[in-house]
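Written below as structure tokens is the structure these notes are about.
Protein chains: 2
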Amino acid sequence: MSQNKYEHGGKVWDGVPDRWMDFSANINPLGCPSVIRDEIKKAVQYIGYYPDADMKSATRNIADYLGVDKSCVLPTNGGISALHHIVQTAKPQRVIILAPCFVEYRHIAEVGNAKVVVLPLLNGRHSVELPIDDIKSVARAGDMLIICNPVNPIGHAFSKDEIINCIEIMNSCGGYIVIDEAFIDYRPENTMTSYIEDNDRLIIAGSLTKMFAIPGVRLGYICAKNNTIDSMKSVQMPWVLSCFASAATNGLKDINEFVERSIESNNVNRRALKKRLEELGVYVFDSCANFLFADLKDVGVTAKRLAMRLREENILIRDCSNYDMIDECYARFAVKSKHDNDSLLKAIKGVLDDKG
Amino acid sequence: MSQNKYEHGGKVWDGVPDRWMDFSANINPLGCPSVIRDEIKKAVQYIGYYPDADMKSATRNIADYLGVDKSCVLPTNGGISALHHIVQTAKPQRVIILAPCFVEYRHIAEVGNAKVVVLPLLNGRHSVELPIDDIKSVARAGDMLIICNPVNPIGHAFSKDEIINCIEIMNSCGGYIVIDEAFIDYRPENTMTSYIEDNDRLIIAGSLTKMFAIPGVRLGYICAKNNTIDSMKSVQMPWVLSCFASAATNGLKDINEFVERSIESNNVNRRALKKRLEELGVYVFDSCANFLFADLKDVGVTAKRLAMRLREENILIRDCSNYDMIDECYARFAVKSKHDNDSLLKAIKGVLDDKG
């Protein structure tokens, strides 16, 4: 049960996956919309063909979905491949990360031989603050600042003005800024895609995994100015997308209603889950994403212990002990259906009562 | 129609894929065996789960198929990802390639900032000779020699003794040797998998694409000594395999009969196709793989022209003009079913007659 440095949520392969009620991975509880699922199913007819090396249809479909020109999109084998490819291609000397954050930022930087500079995102235990002054004072040419927005594991969304501020800092020092928009579908008004044309040093990484509930398919993208995309494409291996990933993008047309319904449903369920966790005495951060970040200190249990106890009831949560700059009392819970959230709450209450 | 440096066969996405009779990609004409296809189809139930980050079942299945210990296997997102990952991880200063060869070797080396040293595999127009003396004289510490066996695009298989000779050269100079066994399923007796335990500097890259006719799924592997695999695994991103690629490996049990039948059928059809191409005056290289390499010089047509004319009849062949060290008269034809091969022969005859 003890975590290694780069351990993740979503570990459902001990036994059959549906044995678990999984709050450790942030996947849309409405599931994959049928229009995308049908495309994926149909794609089995294409397993015998090499995928289009130019990824023409996937590129166009993702670009249309994002509302950008197709010259500004490079599909990738999952969101993490997007981040990995960005670092491998831009070759930053240092990567600045704001902790706590997705543990793979550090891994990707280390694999890319970049030094990792960690700045704090929390002021005290509960106050989320973009460390603009820290960024300004450390950033220099050759640096790459990675910001997740909304930020995983907290769920807080930075405003466009805050991000623009960071873009200006990285622009003026000759660095890069990467916005990881893996969860932006839950906060579409905050996307920076409309800023790429005017910003050579802004690169967006995205994922179609979360909103469309297809982590098994591996589908993400890089969105940047066309010359940046050209250079990143020239060093990308051919055939990174499977026929299933490519086909999934066909379902992105006419998906707006599903996305809106998902956001709405997530808002309702997230607020209810937050309120009831708070009633149990747990500190819960404000979130606009499909997960909640919690500090368990006041209820006197570590995330590891809570995760272990819930696991006995086949419930998985994300013990955040292997995140930088936070202690062992922080955990992340995916927002799921009302039914599942109720089961989680009941199980957490059981653990807390038991302890008292 | 003019090729860029890294253009490949299998370009069937102009229109619908089955519009084409594709001899430009070397895919088993028997198609994906039902035991693997069924596993892939069933895997749609797993699209909503992150794949196992440890790839336990895929690793075990591939290891069992190869007859090696599971500590010696790292699954990858296609054979080309295996090669890319090897170069990115071992970071050779120079990559020695034997031309003509798969065009991606050069691409992968360049992306990895390695200098490319090209040695000739052909002595004159038609004699295939492993350039042992050349390798011995150029190889030095930090080099990586890549040999494809059986060699794409020629189809010639190097003997184990020849490969062992190369291993010794690279061992003694402090370099690496990578054997690309993408087509080894058609010549299983030549695999070097049983040599990895005793050779720290031998790395095998493989693909499950060709024999099992699943290029759309993206599934390959690295096979090497366990400590090499450990270090390559530590810098691999999580979730490189989709649920479909992972599930496909479940079908590798009890696949021997299919493989034997495929080899036998390929032998029969390849010999017949070779003989009939020769009857048309085309020089055809000996091959043990599922493709034939041909010199069109004596029949007075360039590969580009032949490809262009056949394309008008919805037939694709591999114009090898963008391969190193050969002229514009070489082409590669996949070996397909008797019916398809007959169509190819008829169409080629038409082009040659037309010309006369």
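Those sequence lines, one after another, are chains X and V.
Sequential numbering from 1 applies to the first sequence in our numbering.
Sequential numbering from 1 applies to the second sequence in our numbering.
The beta carbon of each residue, even a glycine, is placed where N, CA and C say it ideally should be.
(message) Assuming contact is defined by CB atoms lying nearer than 8 Å, are X/N226 and X/E181 in contact in what I supplied?
(response) no
(message) Distance check for V/N171 and V/D161, CA to CA, integer angstroms please.
(response) V/D161 and V/N171 have their C-alpha atoms roughly 15 Å apart.
(message) With a threshold of 7 Å on Cβ separation, who are the neighbours of X/K274 within its own chain once the five nearest residues in sequence on each side are excluded?
(response) Cβ within range, chain order: V284, L292.
(message) Tell me the DSSP secondary structure of X/C223 in three-state form.
(response) strand
(message) For the segment 252-281 of chain V, list every residue whose C-beta sits within 7 Å of some C-beta in chain X, in sequence order.
(response) Flagged: no residues at all.
(request) Just the chain V side, please: which residues come within less than 7 Å of X/F102 by C-beta, in chain order? (result) None at all; the shortest Cβ gap to chain V is about 11 Å.
(message) Below 8 Å on the Cβ atoms is my contact criterion, and I expect X/Y330 with X/A99 to pass it. Report the Cβ-Cβ distance as a whole number of Å.
(response) Distance from X/Y330 to X/A99 at the Cβ level is roughly 11 Å; contact not present, criterion being Cβ atoms closer than 8 Å.
(message) With H, G and I counted as helix, E and B as strand and the rest as coil, what does DSSP make of X/A114?
(response) coil
(request) Can you say whether V/R201 is buried or exposed, counting buried as having 16 or more other CB atoms within 10 angstroms of its CB? (result) buried
(message) Would you call the segment 85-102 of chain X in contact with the segment 296-310 of chain X, where contact means no fewer than 3 C-beta pairs closer than 8 Å?
(response) At 8 Å Cβ cutoff, the stretches do not touch.
(request) Mind checking which residues open and close the beta strand (DSSP E) that includes V/V73? (result) 73-76
(message) Nearest by alpha-carbon distance to V/R261: which of V/D185, V/I164, V/N199, V/D230 is it?
(response) V/D185
(message) Which residues in chain V have a C-beta closer than 8 Å to the C-beta of X/A245? List them in chain order.
(response) S242
(request) Could you list the residues in the segment 49-82 of chain X with a C-beta less than 9 Å from some C-beta on chain V, going in chain order? (result) Listed by position along the chain: Y49, Y50, P51, D52, A53, D54, K56, S57, N77, G78, I80, S81.
(request) Under 8 Å Cβ to Cβ from V/N314, same chain only, skipping five residues before and after it: list those, please. (result) Once the five neighbours on either side are set aside, the close Cβ partners of V/N314 are R19, W20, M21.
(message) Judging by CA-CA distance, which residue of V/M325, V/S337, V/C320, V/L306 is the nearest neighbour of V/K349?
(response) V/L306
(request) Report yes or no: is there a C-beta of chain V within less than 8 Å of the C-beta of X/P238? (result) yes
(request) Give the DSSP-derived three-state secondary structure of X/S265 in the structure shown. (result) If DSSP states are grouped into helix, strand and coil, X/S265 belongs with the helices.
(message) Alpha carbons only, please: which of V/V68, V/V12, V/V240, V/K11 is nearest the one belonging to V/Y195?
(response) V/V68
(message) Taking the straight line between their C-alpha atoms, what separation do you get for V/V268 and V/N250?
(response) 29 Å
(message) Considering Cα atoms alone, identify which of X/A25, X/Y50, X/L66, X/P51 is closest to X/N256.
(response) X/L66
(request) Following the continuous beta strand (DSSP E) through V/V178, name the residue where it begins and the one where it ends. (result) 176-180
(request) Count the C-beta pairs between the segment 118-125 of chain V and the segment 76-86 of chain V that are closer than 8 Å, then say yes if the count reaches three, no if not. (result) no
(request) May I ask you to report which of helix, strand or coil DSSP gives V/G10? (result) coil
(request) Look at V/A205 and V/I86 and say whether their C-beta atoms are less than 8 Å apart. (result) In this structure, V/I86 lies closer than 8 Å to V/A205 by Cβ.
(request) Assign X/G124 to buried or exposed, taking buried as 16 or more other Cβ atoms, counted over all protein chains shown, within 10 Å of its Cβ. (result) It counts as exposed.
(request) Measure how close the beta-carbons of V/L208 and V/G216 come, nearest whole angstrom, since I'm counting them as under 8 Å. (result) With a Cβ gap of about 12 Å, V/L208 and V/G216 do not count as contacting.
(message) What does DSSP give as the partner residue(s) for V/D143 in the beta ladder?
(response) V/R94
(message) Using C-beta distances below 8 Å, list every residue in its chain close to V/A272, excluding the 5 sequence neighbours before and after it, in chain order.
(response) K338, N341
(request) Use the C-beta contact count for V/I36: other C-beta atoms within 10 angstroms, 16 or more gives buried, fewer gives exposed. (result) buried
(message) Any beta carbon from chain X within less than 8 Å of V/P33's own beta carbon?
(response) For V/P33, the nearest beta carbon of chain X is not closer than 8 Å to its own beta carbon.
(message) Counting only beta-carbon separations shorter than 8 Å, does X/G10 have a partner in chain V?
(response) yes
(message) So for X/Y49, helix, strand or coil by DSSP?
(response) coil
(message) On the CB-based measure, 16 or more other CB atoms within 10 Å of its CB, does X/K5 come out buried or exposed?
(response) Under a 10 Å Cβ-count criterion, X/K5 is classified as exposed, with fewer than 16 other Cβ atoms of the shown protein chains found around its own Cβ.
(message) Tell me the rounded alpha-carbon separation between X/S137 and X/K115.
(response) 17 Å
(request) Taking V/I147 as the query, report the chain X residues whose CB atoms sit under 7 Å from its CB, ordered along the chain. (result) Chain X residues near V/I147: none, gap ~20 Å exceeds 7 Å.
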